[in-house]
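Colleague: Chains as they are written, first to last, in the working numbering: chain A, 327 to 618; chain B, 327 to 618.
We put the CB at the ideal spot given by N, CA and C, even for glycine.
For clarity, every value in this text was computed on a predicted model and none was experimentally measured.
(1) Assuming residue 486/A and residue 531/A form a contact by the criterion Cβ under 8 Å, report the distance between their Cβ atoms to the nearest whole angstrom.
(2) If the criterion is Cβ atoms closer than 9 Å, does the pair residue 504/B and residue 518/A meet it?
(3) At the 9 Å Cβ level, is residue 354/B part of the contact set with chain A, yes or no?
(4) Run through the DSSP bridge pairs and tell me what residue 328/B is partnered with.
(5) Tell me where the beta strand (DSSP E) around residue 412/B begins and ends.
(6) Output, in chain order, the set of chain B residues within a Cβ distance shorter than 9 Å of residue 418/A.
(7) Along the chain, where does the alpha helix (DSSP H) containing residue 369/A start, and where does it finish?
(8) Just confirm the distance between the C-beta atoms of residue 571/A and residue 559/A, as a whole number of angstroms; I'd bet it's less than 8 Å.
(9) Got a sec, what are the start and stop residues for the beta strand (DSSP E) residue 490/B sits in?
(10) For the putative contact between residue 400/A and residue 420/A, defined by C-beta atoms under 8 Å, what is the C-beta separation to the nearest angstrom?
(11) Do you know whose CA, among 397/A, 340/A, 471/A, 565/A, lies nearest residue 427/A's CA?
(12) Check whether the Cβ atoms of residue 475/B and residue 509/B lie closer than 9 Å to each other.
(13) Quick check: the segment 599–610 of chain B against the segment 461–471 of chain B, are at least 3 beta-carbon pairs closer than 8 Å?
(14) Given a cut-off of 9 Å on the beta-carbon distance, is the pair residue 552/A and residue 588/A in contact?
(15) Given that a residue counts as buried once 16 or more other Cβ atoms are within 10 Å of its Cβ, and exposed if not, what is residue 436/B?
(16) Below 8 Å on the Cβ atoms is my guess for residue 444/A versus residue 609/A; work out the distance and round it to an integer in Å.
(17) Could you confirm whether any beta carbon from chain A is found closer than 9 Å to the beta carbon of residue 473/B?
(18) Report buried or exposed for residue 367/B, applying the criterion of at least 16 other Cβ atoms within 10 angstroms of its Cβ.
(19) Shorter than 9 Å from the beta carbon of residue 552/B to some beta carbon of chain A?
(20) Once the 5 residues before and after residue 512/B are set aside, which same chain residues still bring their CB inside 6 Å of it?
(21) Would you list the one or two residues that DSSP bridges to residue 389/B?
(22) With DSSP as the reference, identify every bridge partner of residue 563/A, one or two as the case may be.
(23) In terms of alpha-carbon separation, which member of 416/B, 507/B, 600/B, 467/B lies closest to residue 491/A?
(24) Measure from the alpha carbon of residue 328/B to the alpha carbon of each residue in 351/B, 477/B, 425/B, then state which is nearest.
(25) In this structure, does DSSP put residue 534/B in helix, strand or coil?
(26) Note down, one range per segment and in chain order, each beta strand (DSSP E) of at least 3 residues found wholly within the segment 396–482 of chain B.
(27) When we look at the beta-carbon of residue 345/B and count the other beta-carbons within 10 Å, is it buried (16 or more) or exposed?
(28) The beta strand (DSSP E) spanning residue 556/B covers which residue range?
(29) Hey, out of 386/B, 378/B, 358/B, whose CA is closest to residue 414/B's CA?
(30) Name the residues in the segment 449–477 of chain B whose C-beta lies less than 9 Å from a C-beta of chain A; which are they?
(31) Since residue 513/A is in the beta strand (DSSP E), which residue starts that stretch and which ends it?
(32) Quick check: residue 585/B and residue 332/B, are their CB atoms within less than 9 Å of each other?
(33) Compare the C-beta of residue 539/A with all C-beta atoms of chain B and state if any pair is closer than 9 Å.
(34) For residue 493/B versus residue 442/B, is the C-beta spacing smaller than 9 Å?
(35) Should residue 620/A be labelled buried (16 or more other beta-carbon atoms within 10 Å of its own) or exposed?
(36) Assuming residue 524/A and residue 555/A make a contact with CB atoms under 8 Å, what is their CB distance in whole Å?
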């Protein structure tokens, strides 16, 4: 069993991005600039955005944090999106989700210029990804593909089973892995809450991707010997054993599943660290105008 | 075994559309207007487009056929697309594919205003479909969903296996059937040319959709008893038994597979007739501004 070290891989990629940025600066080009829009004071969102901004500094990006209170109107937010679309100094930006209920997330996402949509949530980026065209791919699926690629895990002709059909993880990763690409060319099955015989399906998986947010859902008897297991779950549960008072739990019962695997990602330290790095990579691509 | 009669269903839907159009006209609204752009003289394309125009007349649409010779430049074609985008009298239009090699199909498709993209090929319509947002869904997958719906075939919790990962059939239908919708909520597996053990997978299918364009690929031993089989294949092979000199062949060996099925679509007369009807339905939706 080999552990897939997302933390180390993410650190390697950050170094690569930092190097690329320093070369850009040497060539007289401007640093890539990521802007993040944060509405309200949700604890999770604040932490994510703070980490994104910190990581921008680490790799040498310019970064801007734009904050609104919970009572911002949809019009005000859309006006800011339009301003960022126009701002030539901003290469890419994100609007941290979720948004307050009185604001349409779809409307805000569709207002973002696809060329600056480094979260890859705009329908046009999803559609281009689906067509195999250059596109910003959202962070988690991009991170999973990167891990599979860097660990030289063979995917062609393998059966990949994805548990979860979310728009930001399950669906896009299922598409990416079944495309004529490398990594890719998997036979892919998407399971979800309405799949009755889920263990019969997961036991067929050469590559099993769990992305449902249900702690410990995948047990040893659901996994084939020698499978590659990618755990996307990150559910915070209270814990009296950590300083923070909580502990992250994956969708996989690691201790009993890991011995059966050829490769497995831990939680934390697997897919999680790759997510922010994928956003940085998209920002670098935006700065270099490599997608559009 | 029940035959799924696509020809009859398509005729029913055409009548429904014709009725909707006559109501629009009674209310003083203009008739939906479909324009079709045809480049060159490919026999297949000429027939398809001629049928589309004829069917427009049948249901009371206005239709316009715009022809270019093979040597049209990309700029000229893009200028026509722009003109159709601007033309308020045109509700929807299609550019018949394939295009000559010197023209980028992606560029032309992305130039079409998504609001008039009744073929549903624009990345933004694919992305919106993926997100479960209102979108023009391309004709063949929309036709398949319509048949499943009109025959009241249960999909929730069923295992659907799609053979083929094309952007216009396999991929979109696999997404639609796995979504939280009705029809939908299937566990979906996408197989393709790189799937090694394809019969092991297809034998698990409660619903089997064959969309690879390989005549007679699906044999009786690849199908579970009681399965629903949807045959999307339409390969023309020479024949001395028909007036036209050719015969359409599906991807399924109908004679040996049909007795095992609960439902099956024939070729011809199954999915094929639904395809043009789906385009008409999209044009009606465009005329009524129901998607955007």
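Modeller: Let's see:
(1) Numbered from its first residue, the first chain carries residue 486/A at position 160. Numbered from its first residue, the first chain carries residue 531/A at position 205. Rounded, the Cβ-Cβ distance is 7 Å, consistent with contact.
(2) Taking the first residue of the second chain as 1, we reach residue 504/B at position 178. Taking the first residue of the first chain as 1, we reach residue 518/A at position 192. Yes, Cβ-Cβ distance for residue 504/B and residue 518/A is below 9 Å.
(3) Taking the second chain and counting its residues from 1, one reaches residue 354/B at position 28. Answer no: the Cβ-Cβ gap between residue 354/B and chain A never drops below 9 Å.
(4) By one-based count along the second chain, residue 328/B stands at place 2. Within the DSSP secondary-structure output, residue 328/B pairs in a beta bridge with 589/B.
(5) As a first step, residue 412/B must be located in the second chain, where it is residue number 86. Here residue 412/B belongs to no beta strand (DSSP E); instead the alpha helix (DSSP H) covers 400–412.
(6) Here residue 418/A refers to the residue found at position 92 of the first chain. Under the 9 Å cutoff, chain B gives no residues; its nearest Cβ is about 18 Å from residue 418/A.
(7) By one-based count along the first chain, residue 369/A stands at place 43. Here the alpha helix (DSSP H) through residue 369/A covers 369–385.
(8) As a first step, residue 571/A must be located in the first chain, where it is residue number 245. As a first step, residue 559/A must be located in the first chain, where it is residue number 233. Actually they are not in contact, since the Cβ atoms of residue 571/A and residue 559/A sit about 19 Å apart, beyond 8 Å.
(9) Locating residue 490/B in the second chain gives position 164, where the first residue counts as 1. Premise fails: residue 490/B is in no beta strand (DSSP E) and is neither H nor E.
(10) Indexing the first chain from 1 puts residue 400/A at position 74. Indexing the first chain from 1 puts residue 420/A at position 94. 18 Å between Cβ atoms; not a contact.
(11) Translated into the one-based positions of the first chain, residue 427/A becomes position 101. For residue 427/A, the closest alpha carbon among the candidates 397/A, 340/A, 471/A, 565/A is that of 397/A.
(12) If you number the second chain from 1, residue 475/B lands on position 149. If you number the second chain from 1, residue 509/B lands on position 183. Cβ distance < 9 Å, so residue 475/B and residue 509/B count as in contact.
(13) yes
(14) Numbered from its first residue, the first chain carries residue 552/A at position 226. Numbered from its first residue, the first chain carries residue 588/A at position 262. Cβ distance < 9 Å, so residue 552/A and residue 588/A count as in contact.
(15) Walking along the second chain from the start, residue 436/B turns up at place 110. Under this definition residue 436/B is a buried residue.
(16) Residue mapping note: residue 444/A aligns to position 118 of the first chain, counting from 1. Residue mapping note: residue 609/A aligns to position 283 of the first chain, counting from 1. That pair is a contact at about 5 Å.
(17) The sequence position of residue 473/B within the second chain is 147, counting from 1. It does not: the Cβ of residue 473/B has no partner Cβ on chain A nearer than 9 Å.
(18) Within the second chain, residue 367/B is the residue found at index 41, counting from 1. Classification for residue 367/B: exposed.
(19) Along the second chain, one-based indexing puts residue 552/B at 226. Closer than 9 Å: no.
(20) Translated into the one-based positions of the second chain, residue 512/B becomes position 186. Answer for residue 512/B: 481, 484, 486, 503, 504, listed in chain order.
(21) Here the question's residue 389/B lines up with position 63 in the second chain. Answer is 360/B, bridged to residue 389/B.
(22) Start at 1 with the first residue of the first chain, and residue 563/A comes out as number 237. Paired residue(s): 573/A.
(23) Locating residue 491/A in the first chain gives position 165, where the first residue counts as 1. The shortest Cα separation from residue 491/A among 416/B, 507/B, 600/B, 467/B belongs to 507/B.
(24) For the purposes of this step, residue 328/B is taken as residue 2 along the second chain, with counting starting at 1. By alpha-carbon distance to residue 328/B, the top candidate from 351/B, 477/B, 425/B is 477/B.
(25) Along the second chain, one-based indexing puts residue 534/B at 208. Residue 534/B falls in the strand class under three-state DSSP.
(26) Within the segment 396–482 of chain B, the complete beta strand (DSSP E) runs of at least 3 residues are 418–421.
(27) Position 19 of the second chain holds residue 345/B. The residue is exposed, with fewer than 16 neighbouring Cβ atoms inside 10 Å.
(28) Counting from 1 along the second chain, the entry for residue 556/B is found at position 230. DSSP places residue 556/B inside the beta strand (DSSP E), whose first and last residues are 554–557.
(29) Counting from 1 along the second chain, the entry for residue 414/B is found at position 88. The candidate whose alpha carbon is nearest that of residue 414/B is 358/B.
(30) 449, 450, 451, 452, 453, 454, 455, 456, 457, 458, 459, 461
(31) For this step, residue 513/A is matched to residue 187 along the first chain. Its beta strand (DSSP E) spans residues 513–517.
(32) As a working mapping, residue 585/B is identified with position 259 in the second chain. As a working mapping, residue 332/B is identified with position 6 in the second chain. Their beta carbons are not under 9 Å apart, which means residue 585/B does not touch residue 332/B by this criterion.
(33) Within the first chain, the letter at position 213 stands for residue 539/A. By this cut-off, residue 539/A is not an interface position.
(34) Taking the first residue of the second chain as position 1, residue 493/B is located at position 167. Taking the first residue of the second chain as position 1, residue 442/B is located at position 116. No; because the gap between Cβ atoms is not below 9 Å, this pair is not in contact.
(35) As shown, chain A starts at 327 and ends at 618. That puts residue 620/A outside it, with no answer to give.
(36) Here the question's residue 524/A lines up with position 198 in the first chain. Here the question's residue 555/A lines up with position 229 in the first chain. So it is not a contact: roughly 15 Å between Cβ atoms.
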